[in-house]
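Residue numbering for the sequence shown follows the working numbering, starting at 1 and increasing by one per position.
To start, the structure under review is shown below, and the notes come after it.
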Amino acid sequence: MPQIPGTFYRQSSSVIIATFVISSGSQTGTYTFFGTLLSTVNPFTTNNVTLQYSDIGKLVGHHQFNGYFGEQKFELILENGPIISGDINAPFYIPPTSISGYGVWEPSD
Numbered sequence: 001m002p003q004i005p006g007t008f009y010r011q012s013s014s015v016i017i018a019t020f021v022i023s024s025g026s027q028t029g030t031y032t033f034f035g036t037l038l039s040t041v042n043p044f045t046t047n048n049v050t051l052q053y054s055d056i057g058k059l060v061g062h063h064q065f066n067g068y069f070g071e072q073k074f075e076l077i078l079e080n081g082p083i084i085s086g087d088i089n090a091p092f093y094i095p096p097t098s099i100s101g102y103g104v105w106e107p108s109d
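What follows is the structure, encoded as structure tokens:
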């Protein structure tokens, strides 16, 4: 499964944005996931963010997700398989929290 580095940030207490640049032959482009959390989370910053996916075709459309924010890590598992994960930076460590929500991929060239 390919792993692509990217960025992930909390735009507001219930909105997250993850961006990944994929350059693999004809599949080159920027893929951004705009997500809405069904609960709110405290402010945090991240690093070492990765996207794991089995097929570039899974990085389109609307999807629900589940996952967690907690202590020093976070992970979002989209219903169709891709996983967005990474580290939460100090001093923003937060108690482990299960999350769920929905979002949409917006690819661009």
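By construction, the Cβ of each residue, glycine as well, lies at the ideal position given by its N, Cα and C atoms.
If you're wondering where the values come from, they're calculated on a predicted model, not measured in any experiment.
When secondary structure is reduced to three states using DSSP, S26 falls in the helix class. Secondary structure note for F92: it is in no beta strand (DSSP E), with a DSSP letter that is neither H nor E. H62 and F33 have their C-alpha atoms some 9 angstroms from each other. Under the 10 Å beta carbon count, A18 is surrounded by 16 or more other beta carbons and is classified as buried. By the C-beta density criterion, V104 is exposed, having fewer than 16 other C-beta atoms within 10 angstroms. Sixteen is the threshold: when 16 or more other Cβ atoms of the shown chains lie within 10 Å of the Cβ of T46, as they do, the residue is buried. Distance between F69 and G29, taken at the CA atoms: about 28 angstroms.
Distance between N66 and S26, taken at the CA atoms: about 30 angstroms. A straight line joining the alpha-carbon of F74 with that of P107 spans about 23 angstroms. For V49, the number of other beta carbons within 10 angstroms of its own is at least 16, and it is reported as buried. Its chain contains F44, T45, T46 and N47 as the residues whose beta carbon lies nearer than 8 angstroms to that of N89, once the 5 sequence neighbours on both sides are disregarded; these appear in chain order.
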